[in-house]
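S.K.: Got a structure for you, questions after.
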Amino acid sequence: MLKTLLLAAAAALSLSPALGQDVTTIKFGFSSVADLENDNGAAALLFKNYVESNSDSLAVEIQGSSGLGSDADVIQALQLGAGATMYIGGTATFNTFIAKIGVLDLPFLWSDYAHVGRALDGEVGTSLKADFEAAGFKALGYGFSWGYRNVVTKGVAVTKPEDLAGLKLRTIQSPIYVAAINAMGANATPMSFNEVYTALQTGVLDGFEHAASMVYSAKLYEVSDHLALTRHLFGPTAMVYSLALWNQLTPEQQKVVQEGADFALTIARAMAPGREQEALQKLEAVGMTITEVDTSEFKAAAQPLQDELAAGIGAGDLLAAIRAAQ
5 MLKTLLLAAA
15 AALSLSPALG
25 QDVTTIKFGF
35 SSVADLENDN
45 GAAALLFKNY
55 VESNSDSLAV
65 EIQGSSGLGS
75 DADVIQALQL
85 GAGATMYIGG
95 TATFNTFIAK
105 IGVLDLPFLW
115 SDYAHVGRAL
125 DGEVGTSLKA
135 DFEAAGFKAL
145 GYGFSWGYRN
155 VVTKGVAVTK
165 PEDLAGLKLR
175 TIQSPIYVAA
185 INAMGANATP
195 MSFNEVYTAL
205 QTGVLDGFEH
215 AASMVYSAKL
225 YEVSDHLALT
235 RHLFGPTAMV
245 YSLALWNQLT
255 PEQQKVVQEG
265 ADFALTIARA
275 MAPGREQEAL
285 QKLEAVGMTI
295 TEVDTSEFKA
305 AAQPLQDELA
315 AGIGAGDLLA
325 AIRAAQ
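Residue 330, in my numbering, is where the sequence shown stops; the numbers in between run on with no holes.
See below:
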């Protein structure tokens, strides 16, 4: 059933609203590849399929692989209400605009997918949606990354915590992510996702950290060869609309867009555990070495670090609510 829906979404790329209609084009930009191998691409395709199947006045133009600019570029365009209409990506990409959202990206915070869902579908997610709106965004919903984030390296295998010492690892341009990676002993290197491939090719980076599905979808296995299952961060995602452009939609259009987001995120979430395992198998098949790492020391040090980082962004109450949702 899920595969059928995804194939239908892909086919919808060739569909268009009826001729003669006044059509509002939703420019949907994000940094990952617009395919069915990663959570953001799949959710975008599912969204497009739903919206264009249920509205004659809306069209969805998908621009993956940073086609509308970097994550930061697209998010700023949403605030301005010009250049981009929608975005999907890790919640950490909004750290500059919504400080408290960093609480979702604390190291070793989430116990499993169900824990993430309980928090985001409850008071934590509701509270953050108000913060999104105050910053100029309409948060349509939250998604699951297709897997925990792991350390991926080129030329050097990470089999124990000490192997991380001094490695230059790309991470999201977020103070929370930087602090987490540095706390693990590596040298966090913030960088846009679309720059990672070349940086690995040229030796600027020793590696990066991301979910296995993104490693496979972006073909980063071509410039890296080892994946260590550190599972240090989860990285929920957010599907977001420009608030200025949202307010220009008719109530009926808003209803279709929200329903489309709910539809896409529900299906993409359900696929997360299976797609994580599939991606790891695919990476092994193309020659990557995958190793388990003893992270007990990291986990033991995580709670005080979580407290410190959450206090620094004024999110102690949200951290308490996340822990209570376990």
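All residues carry an ideal CB built from backbone N, CA and C; glycine is no exception.
To which residues of the same chain is Leu-108 closer than 7 Å at the C-beta, ignoring the five residues directly before and after it?
M.R.: So the list reads Thr-95 and Pro-240, once near-sequence residues are dropped.
S.K.: Using the DSSP secondary-structure output, state which residues sit across from Arg-174 in a beta bridge.
M.R.: In the DSSP output, where bridge partners are listed per residue, Arg-174 has Thr-193 and Phe-212.
S.K.: Can you tell me whether DSSP reads Ala-325 as helix, strand or coil?
M.R.: If DSSP states are grouped into helix, strand and coil, Ala-325 belongs with the helices.
S.K.: Just to confirm, are Ala-203 and Asn-154 a CB contact at a threshold of 9 Å?
M.R.: Cβ distance not < 9 Å, so Ala-203 and Asn-154 don't count as in contact.
S.K.: I'd like to know if the segment 56-68 and the segment 31-41 are in contact, where contact means that at least 3 CB-CB pairs between them fall below 8 Å.
M.R.: The answer is yes - the segment 31-41 touches the segment 56-68, with three or more Cβ pairs under 8 Å.
S.K.: Helix, strand or coil: which one does DSSP assign to Asn-53?
M.R.: Asn-53: helix per DSSP, three-state reduction.
S.K.: Compute the Euclidean distance between the alpha carbons of Tyr-220 and Ile-317, then round it to the nearest angstrom.
M.R.: Cα-Cα distance, rounded: 33 Å.
S.K.: Between Ala-184 and Arg-122, what straight-line distance do the alpha-carbon atoms span, to the nearest angstrom?
M.R.: Their Cα atoms are separated by approximately 23 Å.
S.K.: From the DSSP output, read off the bridge partner residues of Ala-232.
M.R.: The partner list for Ala-232 (beta bridge, DSSP) reads Val-155 and Thr-295.
S.K.: Would you mind stating whether Asp-210 and Lys-164 have Cβ atoms separated by less than 9 Å?
M.R.: Contact flag unset, no.
S.K.: Quick one: using the 10 Å Cβ neighbour count with 16 as the cut-off for buried, is Gln-177 buried or exposed?
M.R.: It counts as buried.
S.K.: With Leu-62 as the anchor, note down where its alpha helix (DSSP H) starts and where it stops.
M.R.: No alpha helix (DSSP H) holds Leu-62; the beta strand (DSSP E) holding it covers 62-67.
S.K.: So what does DSSP say about Ser-300, is it helix, strand or coil?
M.R.: Looking at Ser-300 - three-state DSSP - the assignment turns out to be helix.
S.K.: Could you check the C-alpha separation between Ser-246 and Glu-41 for me, to the nearest Å?
M.R.: Near 26 Å, if we compare the C-alpha coordinates of Glu-41 and Ser-246.
S.K.: Taking a contact to mean a Cβ-Cβ separation below 9 Å, would you say Gly-147 touches Asn-44 in this structure?
M.R.: Yes. Within cutoff.
S.K.: Return the first residue and the last residue of the alpha helix (DSSP H) that Phe-136 is part of.
M.R.: Phe-136 -> alpha helix (DSSP H) spans 127-138.
S.K.: Could you compute how far the alpha carbon of Gly-85 sits from the alpha carbon of Ala-248?
M.R.: Taking the straight line from one Cα to the other gives about 5 Å.
S.K.: Would you list the one or two residues that DSSP bridges to Phe-112?
M.R.: According to DSSP, which records beta bridges pairwise, Phe-112 is partnered with nothing at all.
S.K.: Exposed or buried, Pro-255, counting other C-beta atoms within 10 Å across all chains shown (16 or more means buried)?
M.R.: Pro-255 is exposed by the Cβ-count criterion.
S.K.: Taking 9 Å as the threshold (C-beta atoms), are Ser-36 and Ser-93 in contact?
M.R.: In the sequence under discussion, the amino acid at residue 93 is Gly, which differs from the Ser named in the question. In this structure, Ser-36 lies closer than 9 Å to Gly-93 by Cβ.
S.K.: Does the Cβ-Cβ distance between Val-156 and Leu-237 come in under 9 Å?
M.R.: It is not a contact, given that the beta carbons lie outside the stated cut-off.
S.K.: Quick check: what's the CA-CA separation for Thr-4 versus Gln-262?
M.R.: Any property of residue 4 remains undetermined from this structure, which presents the chain solely from 5 to 330.
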